[in-house]
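Mapping of the sequence shown onto the working numbering: position 22 corresponds to residue 397, and the numbering continues sequentially without gaps.
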Amino acid sequence: MASGLAYRLDRPSRNFLDIHSAPRERLESAVRLYRARCQKPQRLHCQPPLPLHQHAQSMWSSLPLEIVRMIFLNLNMIALGALRLVNTTIHHQVAAALFESRLLRDHAAEALQALDLAQCTHYFSIEQLYHEFCHPRCRTCANFGPYLYLPTLSRGCFPCLMKHGRYRVASLEDILQFYRLPLEDWCHLPVIYTAFDLLGKYPMTERMLIDITQAEALHKQRGSPPPAREGSTYQRYYGLTFNCRLASTVAFPYWDAHARAAEPGAYCLGCTAFWERSRLKRRVDPRTWEQYYAWAARSPGHGAVDRAFRVPELQQHFQTCPHVVRRFAHKDEVARRFNAPIGRVFRVPTPPRHRHGGAGGAGGGSEGRAALRRLGSQAALVLGWLVGSSQIASHS
């Protein structure tokens, strides 16, 4: 284990679906419209809800807390919010029985708002959200994953989200045409609304995105012939869907139940500083654009630039990192990428050594060994006395 300097991103979702990129009023208006649409079909096809009968209320109140928890966990955040408004009994039950919802609202509020902005909250239950909230690793590698890929609700790391084939998305129209799926099949796939009219971040026209891997699975399930994979069509759907991946991902901290804290991920300052010194300063040749970004480069020293760590993992990384920085250059130092500040630097200390023996530090070990020697000598005396007594008894 070793110490070194690291940093956390000021805005982890800066390059992804970022709620701070939209004006607050427009964001809140879009979320209200989405939540209203989620409940609109129920109002169209159902009679107005009747007041709960006294007998039904008493039956609900008598349910065991474990069953109430199971019901709540299988709801999505929108349905749970509506259920809390039914009466005070259910409101208090949610507060008492469902700590998962409280932790998500307290420590992943921006991610939940991003799900509302992408209009996909209703696809996922609280149990699914909390399961990923407590899972630290990327679903395609062993590294820490500080992001959430929305179409499949999968935790991922930055390099995998940019390059791995598991995180490919395309527009709904293209998916239906390419896989020749009937229009009614799209309701079986989670759809991500990109909200580009709100954010205006990327030069794209797609508004509804679908995961390609899920579309492939549905295509095979229908028993349809495989689609043609030739020429530009293949490249279009199986290429690096760069902007679509960004629009389908949100920053998502990890809940460390042991430390009782949310971990958004930390980055090695030395690796970042080395890359900033050695990378191409501008994209001269469009054919080598990937060398401009660390996640796509093949040059030495790029591997850990975009990799997020938990603090104990950083201490291990510092042991072998050739670019580790151990001292502050100046007070209030900040990390920079592409000549822009991205996060404040902090020191990761060397963990305290675990000493064996007693609790008295360095002396505890010697005291423990001395105590063992005393016990050993006492045991030898007792053993000698027993042997002597047995010999006397045999002679008599």
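Using N, Cα and C, we set each Cβ at its ideal position, and we do this for glycine too. Since this is a predicted model, take the numbers as computed values, not measurements.
Query - Nearest residue (CA-CA) to GLY379, options ALA710, ARG702, GLN589 - result: Numbered from its first residue, the sequence shown carries residue 379 at position 4. Selected option, being the one with the closest Cα: ARG702.
Requested in this report: Identify the continuous alpha helix (DSSP H) that holds ILE587 and give its terminal residues.
Outcome: Indexing the sequence shown from 1 puts residue 587 at position 212. Counting along the chain, the alpha helix (DSSP H) containing ILE587 begins and ends at 587-596.
Query raised in the report: Nearest-angstrom Cα distance between ASP393 and ALA484?
Result: Here residue 393 refers to the residue found at position 18 of the sequence shown. Here residue 484 refers to the residue found at position 109 of the sequence shown. Roughly 12 angstroms between the two C-alpha positions.
Requested in this report: Give me the Cα-Cα distance between ALA641 and TYR524, rounded to the nearest whole angstrom.
Outcome: Your numbering for residue 641 matches position 266 in the sequence shown. Your numbering for residue 524 matches position 149 in the sequence shown. Answer to the nearest angstrom: the Cα atoms are 19 angstroms apart.
**Report entry** Helix, strand or coil at ARG444 [DSSP, three-state]
**Finding:** Locating residue 444 in the sequence shown gives position 69, where the first residue counts as 1. Of the three classes helix, strand and coil, the one that applies to ARG444 here is helix, per DSSP.
Report task. For the stretch 533-552 and the stretch 584-591, state whether three or more C-beta atom pairs, one from each stretch, are separated by less than 8 angstroms. Result -> yes
Query raised in the report: For ALA669, does the count of other Cβ atoms within 10 angstroms reach 16, so buried, or fall short, so exposed?
Result: Within the sequence shown, the letter at position 294 stands for residue 669. Counting Cβ neighbours within 10 Å, ALA669 comes out buried, since at least 16 surround it.
Requested in this report: For THR527, name the three-state secondary structure that DSSP assigns.
Outcome: Against the sequence shown, residue 527 aligns to sequence position 152. Residue state, collapsed to three classes: coil.
**Report entry** Straight-line Cα distance separating VAL723 from GLN691
**Finding:** By one-based count along the sequence shown, residue 691 stands at place 316. By one-based count along the sequence shown, residue 723 stands at place 348. Rounded to the nearest angstrom, the two C-alpha atoms are 11 angstroms apart.
Query - Cutoff 8 angstroms; reference ARG728; Cβ partners in own chain excluding five residues on either side - result: By one-based count along the sequence shown, residue 728 stands at place 353. Nothing listed; no residue qualifies.
Query - Within 8 angstroms, strictly: CB atoms of PHE499 and VAL469 - result: As a first step, residue 499 must be located in the sequence shown, where it is residue number 124. As a first step, residue 469 must be located in the sequence shown, where it is residue number 94. Result no, Cβ atoms of PHE499 and VAL469 do not sit closer than 8 angstroms.
Query - Strand pairing of MET583, partner residues [DSSP] - result: In the sequence shown, counting from the first residue as 1, residue 583 sits at position 208. Its beta-bridge partners are TYR568.
**Report entry** Limits of the beta strand (DSSP E) - the one that ALA715 falls within
**Finding:** Within the sequence shown, numbered from 1, the residue matching residue 715 stands at position 340. Here the beta strand (DSSP E) through ALA715 covers 715-723.
**Report entry** Assigned exposure category for THR647 - 16 Cβ within 10 Å defines buried
**Finding:** The count along the sequence shown starts at 1 and reaches residue 647 at position 272. Buried is the call here.
Requested in this report: Have a look at MET376, SER388, ALA377 and flag the residue whose alpha-carbon is nearest the alpha-carbon of ILE717.
Outcome: On the sequence shown, position 342 is the one that residue 717 refers to. Of MET376, SER388, ALA377, the residue nearest in Cα terms is SER388.
Requested in this report: Assuming ARG410 and ILE453 form a contact by the criterion Cβ under 8 angstroms, report the distance between their Cβ atoms to the nearest whole angstrom.
Outcome: By one-based count along the sequence shown, residue 410 stands at place 35. By one-based count along the sequence shown, residue 453 stands at place 78. Yes, ARG410 and ILE453 are in contact; Cβ-Cβ is about 6 angstroms, under 8 angstroms.
Query raised in the report: Does the Cβ of ASP707 have 16 or more other Cβ atoms within 10 Å, making it buried, or fewer, making it exposed?
Result: Numbered from its first residue, the sequence shown carries residue 707 at position 332. Flag for ASP707 reads exposed.
Query - Beta-bridge partners of SER388, as assigned by DSSP - result: Position 13 of the sequence shown, counted from the first residue, corresponds to residue 388. Answer by DSSP bridge pairing: none, since SER388 is not bridged.
Query raised in the report: What residue from MET376, ASP385, ALA381 has the CA that sits closest to ALA715's CA?
Result: Along the sequence shown, one-based indexing puts residue 715 at 340. With distances taken between Cα atoms, ALA715 lies closest to ASP385.
Query raised in the report: What's the C-alpha gap between CYS516 and LEU584?
Result: Along the sequence shown, read from residue 1 onward, the residue named residue 516 stands at position 141. Along the sequence shown, read from residue 1 onward, the residue named residue 584 stands at position 209. Cα-Cα distance, rounded: 24 angstroms.
**Report entry** ASP491 vs VAL406 beta-carbon contact at 8 angstroms
**Finding:** For the purposes of this step, residue 491 is taken as the residue at position 116 of the sequence shown. For the purposes of this step, residue 406 is taken as the residue at position 31 of the sequence shown. Yes.
**Report entry** Which of helix, strand or coil DSSP assigns to VAL544
**Finding:** Along the sequence shown, read from residue 1 onward, the residue named residue 544 stands at position 169. VAL544 falls in the strand class under three-state DSSP.
Query - CB contact flag (TYR522, VAL443, <8 angstroms) - result: As a working note, residue 522 is residue 147 in the sequence shown. As a working note, residue 443 is residue 68 in the sequence shown. Against a cut-off of 8 angstroms, the Cβ pair of VAL443 and TYR522 comes out as no contact.
Requested in this report: Can you grab the Cα-Cα spacing for the pair GLU559 / GLN494, in whole Å?
Outcome: In the sequence shown, counting from the first residue as 1, residue 559 sits at position 184. In the sequence shown, counting from the first residue as 1, residue 494 sits at position 119. Their backbone Cα atoms lie some 19 angstroms apart in a straight line.
Query raised in the report: If you draw a straight line from the alpha carbon of ASN451 to that of ARG383, how long is it in whole angstroms?
Result: Within the sequence shown, residue 451 is the residue found at index 76, counting from 1. Within the sequence shown, residue 383 is the residue found at index 8, counting from 1. Each residue's alpha carbon lies about 30 angstroms from the other.
Requested in this report: Using the Cα positions of ARG620 and GLY598, report the straight-line distance between them to the nearest angstrom.
Outcome: Along the sequence shown, read from residue 1 onward, the residue named residue 620 stands at position 245. Along the sequence shown, read from residue 1 onward, the residue named residue 598 stands at position 223. Looking at the two C-alpha atoms, the distance is approximately 28 angstroms.
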